[in-house]
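Asks: Going from the sequence shown to this note's numbering is simple: count from 1 and add 8. Here's a structure for you.
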Amino acid sequence: MDISDNFYLKRRSVMAKKIKNHPIKEDHLNIIINAGIRVPDHGALNPWKIKVIKGDKLKLIDEEVILPEFIKKNPEASLDSKFIESKRLQRASVVLAVLSTPVEHPKIPNWEMVLSSGAVCMNLLSCAQSLGYAAQWLTEWYAYNEKMLEYLGGRSGIDKISGFIYIGHKAEEPLERKRPDPSKVISYL
Ligand SMILES: Cc1cc2nc3c(=O)[nH]c(=O)nc-3n(C[C@H](O)[C@H](O)[C@H](O)COP(=O)(O)O)c2cc1C
9 MDISDNFYLK RRSVMAKKIK NHPIKEDHLN IIINAGIRVP DHGALNPWKI
59 KVIKGDKLKL IDEEVILPEF IKKNPEASLD SKFIESKRLQ RASVVLAVLS
109 TPVEHPKIPN WEMVLSSGAV CMNLLSCAQS LGYAAQWLTE WYAYNEKMLE
159 YLGGRSGIDK ISGFIYIGHK AEEPLERKRP DPSKVISYL
């Protein structure tokens, strides 16, 4: 086996605007979700939640949460930008919203619980990509919107949206993006 061929050395996200949104297989979605919750989690506190958004719910949230919140904050917005906002989640076949839901704990810091929710996002993303799907981790503006947090069942002032994992199909293989110079970010002590 050629170890330089490793999946993680080639893994690449596909931009949401390039994702094709016809449905993905239900058994694949289950594998992705189960990979998502199989993450390092100090104290097994499960300080995160995954909200699966698919089918009619993509359109519903676009039209009942994202678009109205966008218009509320941008009353002068152009028709073009309103059109974009009205279709955000519908770019994907399924969107997995990951909430960081930390708990009070005498020993385990909040920071570690937040990191664990990032691990959930990364596992979801990597697993979807390993199955050949197009996927991207996005926050965009609506990850920081109170109404969206409330709609997803998050607690205001405590929970946060770690990201939306967009999953769908590839129209073409993505081009490589600029990667960090290893010598600038890695050093050996
Ligand atoms: C927490 C988080 C939030 C992100 N939010 C956005 C975003 O809102 N818009 C965007 O274009 N990219 C966003 N990105 C970056 C995309 O996921 C980007 O496509 C990714 O860096 C590509 O990397 P990859 O090919 O190594 O997977 C975000 C990344 C992270 C980790």
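Glycine included, each C-beta is placed from N, C-alpha and C at the ideal position.
Roughly how many angstroms lie between the CA atoms of P76 and A127, to the nearest whole one?
Replies: Approximately 31 Å, taken between the alpha carbons.
Asks: What is the C-beta distance between L97 and V106, in whole angstroms, given that I count them as a contact (C-beta under 8 Å)?
Replies: No, L97 and V106 are not in contact; Cβ-Cβ is about 14 Å, not under 8 Å.
Asks: Please tell me whether E71 and S94 are closer than 9 Å, where the distance is taken between their beta carbons.
Replies: Yes, the Cβ-Cβ distance between E71 and S94 is below 9 Å.
Asks: Taking 8 Å as the threshold, find out whether the stretch 133–141 comes into contact with the stretch 149–165 through three or more Cβ pairs.
Replies: No: fewer than three Cβ pairs fall under 8 Å.
Asks: Roughly how far, in whole angstroms, is the beta-carbon of H177 from the beta-carbon of K28, given that I think they are within contact range, below 8 Å?
Replies: With 8 Å as the limit, H177 and K28 qualify as a contact, their Cβ atoms being about 4 Å apart.
Asks: With a threshold of 8 Å (Cβ to nearest heavy atom), would W56 be considered close to ligand 1?
Replies: No - ligand 1 has no heavy atom lying nearer than 8 Å to the Cβ of W56.
Asks: Are the beta-carbon atoms of V122 and P114 separated by less than 9 Å?
Replies: No, they are not a contact pair.
Asks: Give me the Cα-Cα distance between D13 and L87, rounded to the nearest whole angstrom.
Replies: Each residue's alpha carbon lies about 46 Å from the other.
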